[in-house]
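Reviewing the structure listed below.
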Amino acid sequence: MLDEDGMLLFIAEFAGDAEAVCPRGVLRRVIDKAHRMGLIPHAAFEYEFFLFNETPHSIRAKGFRNLETVTPDWFGYSMIRNSTYSDLYQRILAMTETMDFPLEGIHSETGPGVIEAALNVDHALHAADKAALFKTFMKVLAQKENMMATFMAKWSNDYPGQSGHIHLSLQYDDGNSAFFEQNAPHQMSDLQRHFLAGQQRLMPELLPMVAPSINSYRRMIPGFWAPTDATWGIENRTTALRVITGSPSSQRIEYRIGAADANPYLALAVALGSG
Numbered sequence: 001m002l003d004e005d006g007m008l009l010f011i012a013e014f015a016g017d018a019e020a021v022c023p024r025g026v027l028r029r030v031i032d033k034a035h036r037m038g039l040i041p042h043a044a045f046e047y048e049f050f051l052f053n054e055t056p057h058s059i060r061a062k063g064f065r066n067l068e069t070v071t072p073d074w075f076g077y078s079m080i081r082n083s084t085y086s087d088l089y090q091r092i093l094a095m096t097e098t099m100d101f102p103l104e105g106i107h108s109e110t111g112p113g114v115i116e117a118a119l120n121v122d123h124a125l126h127a128a129d130k131a132a133l134f135k136t137f138m139k140v141l142a143q144k145e146n147m148m149a150t151f152m153a154k155w156s157n158d159y160p161g162q163s164g165h166i167h168l169s170l171q172y173d174d175g176n177s178a179f180f181e182q183n184a185p186h187q188m189s190d191l192q193r194h195f196l197a198g199q200q201r202l203m204p205e206l207l208p209m210v211a212p213s214i215n216s217y218r219r220m221i222p223g224f225w226a227p228t229d230a231t232w233g234i235e236n237r238t239t240a241l242r243v244i245t246g247s248p249s250s251q252r253i254e255y256r257i258g259a260a261d262a263n264p265y266l267a268l269a270v271a272l273g274s275g
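Quick note: the sequence shown uses the UniProt record's numbering, first residue 1, plus one each step.
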């Protein structure tokens, strides 16, 4: 056992035969292939999740029906809701900072009790580690607050689904953006265009890895901001692939098809490997 002062936990991975099917090992092999091509992938996850005024006992007593969300109604980006629950947000931010998976931002989303949290960008493997930790310990923190958090992709037909979007960019070994080209249309380099084409072309075949459950597919319906086709667009929040332009540091692709219940290692392996 390793002994490190102040270390809360260690992330380890399988070796030998088990490593071949370990989700973290799958992602690492995709990243290694990118490195051999002279490319360094960076990623950031953003998750939507529902909070309930429930406990593990109360939801079972109710038969998992008629659950009470923390807030009612549909108020995305609400100043009142965000201010009312600022103490909870501060505890979430403090936890993520202490455990080294800090958030870039957190706010109320559209739907009763919905919160969206965006993790900071990091090297691809570290980004997936931090996404897995966030999902786990957000549930822990919620229970400590006498709440329940769920990342189920579609817990009710009456409300929006919950996504697990991935922001992805590539750099060359010298640190320059592989996606940005100043004089190209939308500043999209040829490499970014080809990368995007691969993601779009292989999306149907790889969909089970980013939509792993029946609820994942129930999320993908018109009218709830979830993509329903293998489409792409510039700054388009309804397409499966959203190209975000502007500068060498911001040029990236948002892989929007993934559900919040997807394994972050497999989801990122798909988003990166298909490109």
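Cβ coordinates follow ideal geometry from the N, Cα and C atoms, glycine included.
Remember, predicted model here, so these are calculated numbers, not experimental data.
What's the gap between the Cα of E235 and the Cα of A269?
23 Å
Within the same chain, show all residues whose beta-carbon is closer than 6 Å to that of S78, passing over the 5 residues directly before and after it, in chain order.
Beyond the five residues adjoining it in sequence on each side, S78 comes within less than 6 Å, by CB distance, of S108 in the same chain, given in chain order.
Looking at T150 and the ligand MN, is the gap between the Cβ and the nearest heavy atom below 8 Å?
The model on display carries no ligand, and the ligand MN is accordingly not part of it.
Segments assigned beta strand (DSSP E), at least 3 residues, entirely inside the segment 1-75:
39-52
In the DSSP assignment, what are the bridge partners of I244?
R252
Alpha carbon to alpha carbon, how far is R237 from A131? Give it in angstroms, no decimals.
Per the coordinates, the alpha-carbon of A131 lies some 22 Å from the alpha-carbon of R237.
Enumerate in chain order the residues of its own chain whose CB-to-CB distance from F101 is below 7 Å, with the five nearest sequence positions on each side excluded.
L119, K130, L133, F134
From the DSSP secondary-structure annotation, give me the bridge partner or partners of I234.
Looking at the DSSP output, I234 sits in a beta bridge with V243.
Would you call the CB atoms of A43 and A117 closer than 9 Å?
no
Check whether the segment 252-261 and the segment 213-220 touch, using three or more Cβ-Cβ pairs below 8 Å as the test.
yes
Sort out for me which residues DSSP pairs A117 with in a bridge.
Y47, I106
Could you tell me the alpha carbon to alpha carbon distance between I115 and G233, rounded to whole angstroms?
25 Å
Given 8 Å as the limit, is there contact between the segment 56-70 and the segment 138-154, that is, 3 or more CB pairs closer than that?
yes
Shortest alpha-carbon distance to W74 belongs to which of P160, Y265, I92, Y85?
P160
Can you tell me which residues form a DSSP beta bridge with S169?
H42
Would you give the residue range spanned by the beta strand (DSSP E) that M148 belongs to?
Unbroken beta strand (DSSP E) run through M148: 148-150.
Kindly give me the distance between the Cβ atoms of R252 and H165, rounded to whole angstroms, as I take these residues to be in contact under 8 Å.
About 11 Å separates the two Cβ atoms, so there is no contact after all.
Kindly indicate which residue of L241, P212, M209 has the alpha-carbon position closest to the one of G197.
Gly is not the amino acid found at residue 197; the sequence shown has Ala there. Out of L241, P212, M209, L241 has the C-alpha closest to the C-alpha of A197.
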